[in-house]
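In full-length UniProt numbering, the protein residues as written are 1 to 209.
The beta-carbon is built from N, C-alpha and C at its ideal position, and this holds for glycine as well.
For reference, the structure is listed below as structure tokens.
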């Protein structure tokens, strides 16, 4: 008996609603503020869990540094871009948000660890913020989606000035973490969206007896 195999049903990607994205990003930002309050009450002892440059033991700080900040001013300066850019990335899908965040955090942390002078501790979410920024910008180029290109243009207009933070500048500011995060964001966009530019390959099914 001859049969023709039916094509598999398309895979549906689930995306969080804007309301869910607001709740998640607000909760994450609240965690950052809570940790800074604990850090201040403990005499800034939590900052010791940041990235210790060029020390093997300091590599573990890559996972914790984005949640710590060097004082309230540092946290306040990161809070709005953290929430806005994280929210925009999250609207594209939870899985992509997680992967792009992890790639940006690792890229930022490794660059800060390797390029910062020894005997330095690096903390702050700005590396992740730079990763989200470049992810949103590069995503529009790879996907060629009109909506995502519009988001990229809006992000560039509002936060484009941050890009200069990847260059050496003010003392005490880790341009190394910014640079690594920015590279990580571009890599994440390439990994997650490059296939969207390729034409779909038709599948040919043969007859079976």
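| query | Under a Cβ-count criterion, where at least 16 other Cβ atoms within 10 Å of its own Cβ denotes burial, should residue 96 be classed as buried or exposed? | reply | Here the question's residue 96 lines up with position 96 in the chain shown. Looking at its Cβ environment, which holds 16 or more other Cβ atoms inside 10 Å, residue 96 is buried.
| task | Just the C-alpha distance for residue 66 and residue 144, rounded to the nearest angstrom, thanks. | result | Within the chain shown, numbered from 1, the residue matching residue 66 stands at position 66. Within the chain shown, numbered from 1, the residue matching residue 144 stands at position 144. Rounded to whole angstroms, residue 66 to residue 144 spans 31 Å at the Cα level.
| the ligand HEM heavy atom lying under 7 Å from the CB of residue 180 | Summarising the ligand content, the structure contains no ligands, and the ligand HEM is consequently not present.
| field | Contact between the stretch 142-158 and the stretch 172-180 (3+ Cβ pairs under 8 Å) | value | no
| query | With residue 100 and residue 161 assumed to form a contact (beta carbons below 8 Å), what rounded beta-carbon distance in angstroms separates them? | reply | The count along the chain shown starts at 1 and reaches residue 100 at position 100. The count along the chain shown starts at 1 and reaches residue 161 at position 161. Actually they do not touch by this definition, with Cβ atoms about 21 Å apart.
| said: Suppose the cutoff is 8 Å on Cβ atoms and the five residues either side in sequence are ignored; what does the same chain contact list for residue 198 look like? | reply: To locate residue 198, count along the chain shown from 1; it is residue 198. Any reading at residue 198 must be qualified, since the residue scores a pLDDT of 46, below 50, and its modelled position is unreliable; no value is offered.
| said: So, under 8 Å CB-CB, residue 24 and residue 68 are touching, yes? Tell me the CB distance rounded to an integer number of Å. | reply: Locating residue 24 in the chain shown gives position 24, where the first residue counts as 1. Locating residue 68 in the chain shown gives position 68, where the first residue counts as 1. The Cβ separation is near 20 Å, so there is no contact.
| field | Span separating the alpha-carbon of residue 169 from that of residue 131 | value | Residue 169 sits at position 169 when you count from the first residue of the chain shown. Residue 131 sits at position 131 when you count from the first residue of the chain shown. Taking the straight line from one Cα to the other gives about 19 Å.
| From 43, 58, 59 and 92, residue whose alpha carbon lies closest to that of residue 70 | Position 70 of the chain shown, counted from the first residue, corresponds to residue 70. Nearest option by C-alpha distance: 43.
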